[in-house]
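Numbering (this note's numbering), first residue to last: 12 to 376.
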Amino acid sequence: MPGLPAPDPAGLPAPIWLLKFLSVFTLTLHLVAMNFLVGGTIAMAIMSRRGKTDAVAARVRDTLARALPVTMSLTITLGVAPLLFVQVIYGQAFYASSVLMAWPWLAIIVLLLLAYYGLYACQFRPEWLGKHLNAVAWVSALFILLVGFLFSNNWTLMLTPKNWHTLYENSISGLALNLAERSLVPRYLHFMIGGLAVAGLGMLLLGRSTTRKDAEAGERLTSLGRKWFLAATGVQILVGLWFLFALDAPVRRYFVGGNMIDSSVLGLGILLTLISMVAVRRWPWLAAILTGATVFLMVVVRHRLRQIVLTPLLRVNDLPVNAQWGLFAVFAVVLVVGLCVVLWMVLVFARAGGSTTAADQPEAS
């Protein structure tokens with residue numbers, strides 16, 4: 012298997028079809044939370060500036076500030092499982108690309124911690140930040156955007172093993188980034204602009220629950236969220252086409268008629284996106300369901316893209332399986348319980364209208 016390390020002799024811990032499904036499912040959950048985090052942090056930063064002269068904008072900022080630390084914790088928690096599945100299924104490519112960009116990859120931990128602290132400061136210590144509140148909000152947003160850029164670098168780098176030797180020769184100290192890859196920028200923008208779209212929908216729904224306690228802030232947040240969703244979704248479709256045509260022609264052909272299943276999944280995702288844009292004005296919850304389905308379909312497309320590109324060197328369907336059903340049962344139970352807890356947290360937060368102020372928090376023991 013030239014260009015890739017040898018597969019793990021221990022084999023896969025479960026059938027490949029099950030690992031693939033769980034990878035797609037858990038990544039979908041992670042992306043929904045991540046999208047709201049990306050767009051919501053940018054929206055909070057914008058509202059922080061407007062809030063200096065607009066009392067309603069300041070209350071919108073406070074509403075978002077209360078939601079974002081929770082969202083970030085969900086994003087990180089829900090991101091562990093899909094990352095582990097990538098390591099299990101595509102470990103030969105993933106570990107090689109991660110070593111090439113070792114220092115930027117490790118820097119993600121620092122960036123997340125700093126962004127997390129910034130979001131908590133915006134929620135619990137706005138009076139302490141004072142005139143620096145807007146700067147802290149923007150720094151947190153930029154750190155989160157940078158984390159996304161580093162992830163996109165690794166995901167594209169693991170798909171281009173032909174470049175590994177050159178990148179290693181140019182940077183043997185673990186500082187290689189895949190900046191020459193033509194699909195890097197459209198791929199990154201496709202995910203980040205998608206974050207603005209999903210965040211817009213999340214802000215719309217959050218605004219509707221906030222209206223019970225603060226009609227003006229709730230209506231402003233609802234209107235802002237709807238505008239963000241429509242505008243960002245329209246731009247995302249265009250960027251998605253850019254991403255599609257940035258792929259090598261043999262790979263792109265799978266999604267434009269060369270393979271009916273792959274083409275149908277992509278086409279259905281685009282169709283659901285267009286329907287959600289129409290539905291969002293009168294039926295926001297329908298738009299939310301359709302958007303969730305769209306995210307799932309696009310994750311399937313993303314998975315297929317990875318498999319198609321790596322197939323000449325890594326045929327994951329042929330990897331040996333050494334099923335460990337006892338460990339898998341433990342994982343399944345923990346996953347189900349964890350998802351139930353997350354759902355409960357979200358429902359409690361929604362019923363409370365996002366009211367998690369400093370006064371609401373218990374004292375640390």
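Glycine included, each C-beta is placed from N, C-alpha and C at the ideal position.
How big is the Cα-Cα spacing for residue i and residue j?
i: L40; j: L170; result: 23 Å
i: N165; j: W28; result: 24 Å
i: R60; j: F360; result: 26 Å
i: A375; j: Y131; result: Low confidence applies here, because A375 scores a pLDDT of 37, under 50, leaving its location unreliable; read the following figure in that light. Cα-Cα distance, rounded: 15 Å.
i: L258; j: S194; result: 6 Å
i: Q372; j: T86; result: A caution first: Q372 carries a pLDDT of 43, below 50, which makes its placement in the model unreliable, though a value can still be read off. About 21 Å.
i: I53; j: A21; result: 44 Å
i: V8; j: A152; result: Outside the shown range of the chain (12 to 376) lies residue 8, about which nothing can therefore be said.
i: V347; j: S109; result: 30 Å
i: I119; j: G62; result: 30 Å
i: D273; j: A228; result: 43 Å
i: V310; j: L161; result: 19 Å
i: A356; j: A92; result: Just to set this straight, residue 356 is Met in the shown sequence, not Ala. Answer to the nearest angstrom: the Cα atoms are 19 Å apart.
i: G278; j: V306; result: 13 Å
i: G236; j: W139; result: 28 Å
i: P26; j: H176; result: 32 Å
i: T221; j: A343; result: 35 Å
i: I57; j: R264; result: 40 Å
i: A66; j: A107; result: 51 Å
i: T88; j: L30; result: 19 Å
i: A298; j: V353; result: 22 Å
i: F105; j: V97; result: 7 Å
i: L358; j: C351; result: 11 Å
i: D163; j: G90; result: The residue you asked about is not Asp; residue 163 is Ser in the sequence shown. Distance between the alpha carbons of S163 and G90: 14 Å.
i: R362; j: P331; result: 48 Å
i: V150; j: D225; result: 28 Å
i: T367; j: P295; result: Here the model assigns T367 a pLDDT of 47, short of 50, so the residue's position is not dependable and the matter cannot be decided.
i: V267; j: I248; result: 15 Å
i: D379; j: Y127; result: Since the first residue of the chain shown is 12 and the last is 376, residue 379 is not available in this structure.
i: R293; j: I286; result: 12 Å
i: Y179; j: L325; result: 21 Å
i: G337; j: G205; result: 38 Å
i: L75; j: V246; result: 23 Å
i: L95; j: R223; result: 41 Å
i: V327; j: K142; result: 53 Å
i: T64; j: A78; result: 23 Å
i: V159; j: A304; result: Residue identity differs from the one stated: residue 159 is Gly in this sequence, not Val. G159 and A304: Cα-Cα distance of roughly 22 Å.
Per DSSP, which residues does residue i bridge with? Please list them.
i: L23; result: V332
Less than 8 Å separating the beta-carbons of residue i and residue j?
i: F339; j: P18; result: no
i: N218; j: L207; result: A quick correction: the sequence has Gly, not Asn, at residue 218. No, they are not a contact pair.
i: V209; j: V71; result: no
i: T302; j: L212; result: yes
i: F254; j: R198; result: yes
i: F154; j: L125; result: yes
i: L200; j: V250; result: yes
i: L122; j: L168; result: no
i: P172; j: L15; result: yes
i: T244; j: M288; result: yes
i: A148; j: M55; result: yes
i: G280; j: L308; result: yes
i: C133; j: L117; result: no
i: L241; j: V291; result: yes
i: D239; j: M271; result: One detail in the question is off: residue 239 reads as Trp in this sequence, not Asp. No, they are not a contact pair.
Is any non-hydrogen atom of the ligand HEM found closer than 7 Å to the C-beta of residue i, if you look at the structure I gave you?
i: F32; result: As presented, the structure is devoid of all ligands, the ligand HEM included, so that no description of it is given.
Taking contact to mean at least 3 C-beta pairs separated by less than 8 Å, is the region 68-84 in contact with the region 47-54? yes
Runs of alpha helix (DSSP H) wholly within the region 16-78 (minimum 4 residues, chain order): 27-61
Between the region 305-324 and the region 32-39, do three or more beta carbon pairs fall short of 8 Å? yes
Inter-stretch contact at 8 Å, needing at least 3 Cβ pairs: the region 110-130 / the region 177-189: yes
Mind pulling the alpha helix (DSSP H) runs of 4 or more residues that sit fully within the region 94-148? 113-135, 137-140
For the structure I just gave you, are there three or more beta carbon pairs, one from the region 318-333 and one from the region 96-110, closer than 8 Å? yes
Unbroken alpha helix (DSSP H) runs of length 4 or more, entirely within the region 275-358: which are they? 295-321
Quick one: which unbroken beta strand (DSSP E) runs of 3-plus residues sit fully inside the region 149-183? Chain order, please. none
Going residue by residue through the region 249-273, where are the continuous alpha helix (DSSP H) segments of at least 4 residues, counting only ones entirely within it? 260-263
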